[in-house]
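J.:
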Amino acid sequence: ETLDKGLEKSKTSFFNKLNKAVAGKSKVDDDVLDNLEEILVTSDVGVNTTLKVIERIEARVAKDKYLGTSELNQILREEIAGLLSETNSGEATEFTIPETKKPHVIMVVGVNGVGKTTTIGKLAYQLKKQGLNVVLGAADTFRAAAIDQLQVWADRVDIPIVKQSMGSDPASVAFDALQSGVSQNADVVIIDTAGRLHNKVNLMNELTKVKRVMQKVVDDAPHDVLLVLDGSTGQNAFEQAKQFTAATEVTSLAVTKLDGTAKGGVVIGISDEFQIPVKYIGVGEGIEDLQVFNKYEFVDSFFK
Ligand code: GDP
Numbered sequence: 014e015t016l017d018k019g020l021e022k023s024k025t026s027f028f029n030k031l032n033k034a035v036a037g038k039s040k041v042d043d044d045v046l047d048n049l050e051e052i053l054v055t056s057d058v059g060v061n062t063t064l065k066v067i068e069r070i071e072a073r074v075a076k077d078k079y080l081g082t083s084e085l086n087q088i089l090r091e092e093i094a095g096l097l098s099e100t101n102s103g104e105a106t107e108f109t110i111p112e113t114k115k116p117h118v119i120m121v122v123g124v125n126g127v128g129k130t131t132t133i134g135k136l137a138y139q140l141k142k143q144g145l146n147v148v149l150g151a152a153d154t155f156r157a158a159a160i161d162q163l164q165v166w167a168d169r170v171d172i173p174i175v176k177q178s179m180g181s182d183p184a185s186v187a188f189d190a191l192q193s194g195v196s197q198n199a200d201v202v203i204i205d206t207a208g209r210l211h212n213k214v215n216l217m218n219e220l221t222k223v224k225r226v227m228q229k230v231v232d233d234a235p236h237d238v239l240l241v242l243d244g245s246t247g248q249n250a251f252e253q254a255k256q257f258t259a260a261t262e263v264t265s266l267a268v269t270k271l272d273g274t275a276k277g278g279v280v281i282g283i284s285d286e287f288q289i290p291v292k293y294i295g296v297g298e299g300i301e302d303l304q305v306f307n308k309y310e311f312v313d314s315f316f317k
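Numbering of the sequence shown is given in full-length UniProt numbering, commencing with residue 14 and proceeding in unit increments.
1) Report the residue from Phe-251, Val-263, Val-305, Ser-314 whose alpha carbon sits nearest the alpha carbon of Gly-282.
2) Within the present structure, is the beta-carbon of Thr-113 separated from the nearest heavy atom of the ligand GDP by less than 7 Å?
3) Work out the CA separation of Val-58 and Asn-125 for me, nearest whole Å.
4) Under the criterion of a Cβ to heavy atom distance below 7 Å, does Lys-222 qualify as lining the ligand GDP?
5) Measure the alpha-carbon distance for Val-122 versus Val-54 and round it to whole angstroms.
6) Classify Ala-207: buried if its beta carbon has 16 or more other beta carbons within 10 angstroms, exposed otherwise.
7) In chain order, what residues of the same chain lie with their CB nearer than 7 Å to the CB of Gln-162, ignoring the 5 residues before and after it?
8) Which residues in the same chain as Phe-287 place their Cβ atom closer than 6 Å to its Cβ, once the five residues preceding and following it in sequence are excluded?
9) Which ranges does the beta strand (DSSP E) cover as unbroken runs of at least 3 residues, wholly within the stretch 248–310, from first to last along the chain?
10) Could you tell me which uninterrupted beta strand (DSSP E) segments, each at least 3 residues in length, are contained entirely in the stretch 167–234, listed from first to last along the chain?
11) Specify the secondary structure class of Ala-94 as computed by DSSP and reduced to three states.
12) Starting from the C-beta of His-236, find all residues in its chain whose C-beta is less than 6 Å away, skip the five residues before and the five after it, and write them out in chain order.
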């Protein structure tokens with residue numbers, strides 16, 4: 014329901030554009046496909062993913078000889094759900110964590126301002142609601158505000174946080190947080206990391222070091238590297254995904270600010286382009302405004 018509301022604008026515009034693309038046509042022909050290509054690109058699905066979708070529809074047209082425009086909506090939905098399945102994006106609705114040796118360690122990456130801290134807070138809240146013991150690690154030591162904001166969320170959710178002063182070594186904070194998690198028998202440790210995209214080599218070195226040091230405490234940590242992207246920024250989100258996937262092995266995506274944005278298409282494009290599952294979506298600023306990504310619900314909202 015929130016997702017429907019959140020994606021109001023994108024669904025209206027995508028639905029309207031799609032209707033326009035097929036207006037007065039009964040058959041999917043080259044004109045319709047050209048129009049479709051344009052609306053997918055302008056909906057931030059990204060060029061590569063758009064071409065993939067168009068090729069798949071062309072293949073269906075070629076196979077069936079005739080494809081009515083009335084069927085196009087359904088076929089597009091299937092193709093997009095298919096793309097999201099190929100990236101292992103799920104259909105769960107509940108917040109769960111996979112069985113790992115305790116604690117399950119989530120390292121969260123992303124640039125400043127995308128909603129990283131908020132997403133960590135909302136996620137911690139949901140996991141705590143499931144009865145899990147969660148510890149936060151404030152390893153974004155570059156900005157004092159980042160540590161303070163994470164502290165605000167830790168207080169709000171009422172969970173422990175491990176932090177040091179601004180400017181301290183992020184790897185050392187991560188190490189402490191994991192040790193604290195182990196000694197408290199925590200189920201989950203969520204590590205915030207610095208979000209500046211200084212240069213690729215520095216970013217890579219820093220994230221690699223944080224990982225290496227964490228593995229001294231929990232040998233297969235991190236179990237999840239969650240990249241947070243702002244869904245309202247279109248091409249920027251693609252660029253950030255490119256930089257972070259080059260710097261470290263990103264295992265899942267959280268796409269924020271999908272409330273009040275016409276850019277839900279970014280979710281499809283980035284997941285496909287980088288072959289990473291979408292795990293969570295942010296649909297508002299409140300503590301309850303994080304959802305487990307469900308590809309069918311998403312496609313429904315996008316197309317309705
Ligand atoms: P960080 O710098 O990446 O840690 O970003 P913050 O978590 O501080 O978030 C930046 C701003 O985006 C804050 O004002 C948040 O309330 C807001 N924000 C985060 N997630 C969402 C979301 O899903 N929807 C909306 N509308 N705002 C969000």
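Cβ coordinates follow ideal geometry from the N, Cα and C atoms, glycine included. None of these values were measured; they are calculated from a predicted model.
T.: Looking at the coordinates:
1) Phe-251
2) no
3) 23 Å
4) no
5) 27 Å
6) buried
7) Thr-130
8) Ala-254, Thr-258
9) 265–269, 291–295, 303–305
10) 201–206
11) helix
12) Thr-113, His-117, Val-118
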